[in-house]
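Residues 324 to 606 in full-length UniProt numbering are what the sequence shown lists, from first letter to last.
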Amino acid sequence: EAKLAGRRRFCFFDAEIEAHFASRWQLEQDLKLALARQEFELYFQPIVDLAEAKLAGFEALLRWRRPGHGLLSPPLFLDIAERMGLINDIGAWVLKEACTCGASLPHPLRVAVNLSPTQLLKPGFALEVARIVGESKFSPRRLELEITESALFLENSATLACLKDLRRLGISVALDDFGTGFSALSHLRVFPVDRIKIDRSFVQEADKNPETASIIRAITGLARELGVRTTAEGIETEAQLRKLKSLGCDEIQGYLVSRPKPLGAFQNLEELAVGGSRPAKTA
Ligand code: C2E
Ligand code: MG
Ligand code: MG
Ligand code: MG
């Protein structure tokens, strides 16, 4: 009887594993065609400057409208796209679309675009960015590229040269998810960045955990000394907003101001500025 149950259980797992690989295979097939089928979209999330209490720009966030599966976020498909060698083509589409959208925004609002580490290693990447930005008629001074520490971990002279080329074009560079990696602070010594984005995991604890608050204060203090701006990611509550402001953050981003949405869904850009001045009203 035990043997029978064991076998039945084995069959059950077998079917499960088979289904897993089938759905994974289907995802890969769909992903290969997604660009040509124009299934990618960009959502935009406002970034608010705290000192000026106004909208500073938007971060562009990739979405895949996969037929039969709804709207997918990057964690569900970007690693696979990377492994399939699709990331450079998808990344080029994102840049082009973000710059086109950016050109429709009032000056001096900026647009931030996330890069995968692979893109920075592509020979001629900075030139390709220059071409895309030029064709869209968007000012490179209003474009920011967000890279994660994993890109810097490759501590590669090619990555460094690419970042320098991008900055020479007038494009700014932000270090995303700051604090989640290992040697975060030492990177600032080597890599030229204009901004640090303090990761949501810190923001969530900032008003509850004094140690986390101290770390954030150290980061913003160091950043200021180095002439680097700071943005706090994932602000969801008024308490977090007040805390991050008191800890010296320059900008905030998060559901409190707005969830990411299609650019057209932002009717009134002035109203978003009010979102940033909210603490002034409640204080
Ligand atoms: P990220 O660059 O750190 O972007 C912030 C993520 O946090 C976004 O998730 C955003 O929707 C989410 N978020 C923003 N505010 C809040 C908040 O208040 N609370 C919570 N819980 N979440 C918030 P999303 O859009 O799913 O993107 C996930 C990651 O995928 C991004 O993290 C970025 O690393 C990557 N990504 C997004 N778009 C692209 C792209 O075009 N290219 C590349 N290479 N990566 C991208
Ligand atoms: Mg980002
Ligand atoms: Mg981030
Ligand atoms: Mg993050």
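Built from N, CA and C at the ideal position, the CB exists for glycine as well.
With distance defined between alpha-carbon atoms, name the residue in the options nearest to residue i.
| i | options | result |
| --- | --- | --- |
| residue 515 | 583, 494 and 421 | 494 |
| residue 553 | 372, 535 and 336 | 372 |
| residue 382 | 544, 411, 496 and 568 | 496 |
| residue 457 | 475, 479 and 492 | 492 |
| residue 489 | 468, 424, 533 and 384 | 468 |
| residue 422 | 433, 413 and 341 | 433 |
| residue 551 | 518, 462, 523 and 579 | 518 |
| residue 566 | 482, 403, 424 and 538 | 538 |
| residue 370 | 500, 579 and 531 | 579 |
| residue 584 | 510, 500 and 424 | 424 |
| residue 392 | 375, 374, 346 and 503 | 346 |
| residue 402 | 360, 351 and 479 | 351 |
What distance in whole Å lies between the Cβ atoms of residue j and residue i, which are believed to be in contact at a cut-off of 8 angstroms?
| i | j | result |
| --- | --- | --- |
| residue 438 | residue 470 | 5 angstroms |
| residue 431 | residue 465 | 6 angstroms |
| residue 498 | residue 540 | Not quite, the Cβ-Cβ distance comes to about 18 angstroms (not below 8 angstroms), so this is no contact. |
| residue 396 | residue 426 | No, residue 396 and residue 426 are not in contact; Cβ-Cβ is about 26 angstroms, not under 8 angstroms. |
| residue 542 | residue 521 | 6 angstroms |
| residue 404 | residue 354 | 6 angstroms |
| residue 440 | residue 473 | 5 angstroms |
Within this structure, are the beta carbons of residue i and residue j separated by less than 9 angstroms?
| i | j | result |
| --- | --- | --- |
| residue 555 | residue 525 | yes |
| residue 586 | residue 367 | yes |
| residue 385 | residue 362 | no |
| residue 513 | residue 475 | yes |
| residue 400 | residue 388 | no |
| residue 563 | residue 529 | yes |
| residue 410 | residue 358 | no |
Based on the DSSP secondary-structure assignment, which residues constitute the bridge partners of residue i?
| i | result |
| --- | --- |
| residue 383 | 367 and 436 |
| residue 502 | Answer is none; residue 502 lacks a bridge partner. |
May I ask you to check if the CB of residue i is nearer than 8 angstroms to at least one heavy atom of ligand 5?
| i | result |
| --- | --- |
| residue 573 | Ligand 5 is not among the ligands present in this structure, which contains only ligand 1, ligand 2, ligand 3 and ligand 4. |
Please list, following the chain, all residues that have a C-beta closer than 5 angstroms to any non-hydrogen atom of ligand 2.
Output, sorted by chain position: 437, 469 and 499.
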